[in-house]
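Residue numbers (UniProt numbering), protein chains in the order written: chain A, 1 to 111; chain B, 1 to 111.
Below: one structure, written as structure tokens.
Number of protein chains: 2
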Amino acid sequence: MKTILNALAEPNRLHIVELLRDGPLTVGEIADRLELNQPQASKHLRVLSNAGLVEVLAIANRRIYKLRPEPFKELDFWLESYRHIWIERFDRLDDYLQELKRKEGNRDDKQ
Amino acid sequence: MKTILNALAEPNRLHIVELLRDGPLTVGEIADRLELNQPQASKHLRVLSNAGLVEVLAIANRRIYKLRPEPFKELDFWLESYRHIWIERFDRLDDYLQELKRKEGNRDDKQ
DNA sequence: TTTTAATATTCCTTGACGGGAATATTCCCA
DNA sequence: TGGGAATATTCCCGTCAAGGAATATTAAAA
Chain A
1 MKTILNALAE PNRLHIVELL RDGPLTVGEI ADRLELNQPQ ASKHLRVLSN
51 AGLVEVLAIA NRRIYKLRPE PFKELDFWLE SYRHIWIERF DRLDDYLQEL
101 KRKEGNRDDK Q
Chain B
1 MKTILNALAE PNRLHIVELL RDGPLTVGEI ADRLELNQPQ ASKHLRVLSN
51 AGLVEVLAIA NRRIYKLRPE PFKELDFWLE SYRHIWIERF DRLDDYLQEL
101 KRKEGNRDDK Q
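This is how it looks when you write it as structure tokens:
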């Protein structure tokens, strides 16, 4: 998860991923559309590849990159455990404040 | 989106968010559970706060931090546009390869 | 078989970021 | 009102990652 988020956190890499959302592309095409130098494009693609976000198909001397579904599934699964925060309006702040008061009260007493 | 991902990409901050998933906590509690020095906890919370991921409630000299739903909604919305990648098995690789061949064929001809 | 195209890799430099330590700030309480 | 607790901020330092430029690699084409 950390690896995935880290890969996506870099603006150019996020752009690459968004480009590939519409279908596979070669390194050159990616570099062109994002106005990156080819080496930087390759380097970013390497990071994305190591994070499992993309995979590559070699055709002659071109490399065609496309998205892999797995990390997105993983992200979705991770997000799932946060949905209750906005689906229900599950705040827990009231509970916490009461818990806090309880502890305050106990301070002078026993213990 | 970039700001959110960047905030989450740092391991300690990701841990903080995961802690807060179960409810609000003070800075001290967060620092304790993650075995962070208090200043580092505060600093990470600041980044999370700037990214809109958490909000703070001041009670006396304590600060109670809790998650904000908005950025998670945003992430979810972003992910939405990638679901087709694994929901349908939408590859577009075949299309791309055909398109490639078409261009190759045209190379010698006209143009 | 030399040349050219597409991509990857290496080296270098610079800037951003995280951690540690010290200090500032705010609030409560004796 | 002086001291201690909770938190924030600042400064300094080391590390790491991103960009630029040059070069290596591989495959196709002439």
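Each residue gets a CB set at the ideal place from its N, CA and C atoms; glycine is no exception.
Comparing the C-beta of residue i with each C-beta of chain A, is any distance below 9 Å?
i      : result
B/G28  : no
B/E70  : yes
B/L34  : no
B/I16  : no
B/R102 : no
B/R83  : yes
B/R92  : yes
What span of residues does the alpha helix (DSSP H) with residue i cover, start to end?
i     : result
B/R46 : 38–50
B/G10 : Correcting the residue identity first, residue 10 of chain B is Glu in this sequence and not Gly. B/E10 -> no alpha helix (DSSP H), and no H or E assigned at all.
B/I87 : Element bounds for B/I87: n/a, residue is neither H nor E.
A/L34 : 27–34
B/L75 : 69–80
Look at residue i and residue j and say whether their C-beta atoms are less than 9 Å apart.
i                      : j     : result
B/L34                  : B/N12 : yes
B/L53                  : B/R68 : yes
A/R102                 : B/P24 : no
B/L36                  : A/I59 : no
residue 130 of chain B : A/L75 : Missing from the structure shown is residue 130 of chain B; chain B here goes from 1 to 111 and no further.
Just to confirm my understanding: we take residue i, look at its own chain, exclude 5 residues before and 5 after, and list those with CB closer than 7 Å. What are they?
i      : result
B/L20  : V54, Y65, K66, L67
B/D108 : Confidence in B/D108 is poor, its pLDDT being 46 and thus under 50, which makes the residue's placement unreliable; the coordinate value appears in the next sentence. None.
A/V47  : A7, R13
Which residues in the same chain as residue i place their Cβ atom closer than 8 Å to its Cβ, once the five residues preceding and following it in sequence are excluded?
i     : result
A/V27 : Q38, A41, S42, L45, R62, R63, Y65
B/P71 : I4, A51, G52, L53
B/M1  : E74, L75, W78
A/S81 : none
A/E10 : H44, V47
Go through its chain and collect everything with a Cβ distance to residue i's Cβ below 6 Å, but skip five positions before and after it.
i      : result
B/L8   : L14
B/K110 : Note that B/K110 scores a pLDDT of 38, beneath 50, so its modelled location is shaky and nothing firm can be said.
B/S49  : none
B/A31  : Q38, A41
Say whether chain B places a C-beta atom closer than 9 Å to the C-beta of residue i.
i     : result
A/A9  : yes
A/L48 : no
A/G23 : yes
A/L57 : yes
A/G19 : Checking the sequence, you will find Leu at residue 19 of chain A rather than Gly. Closer than 9 Å: no.
A/K43 : no
A/N61 : no
A/N6  : yes
Note the first and the last residue of the continuous beta strand (DSSP E) segment covering residue i.
i     : result
B/L57 : 54–59
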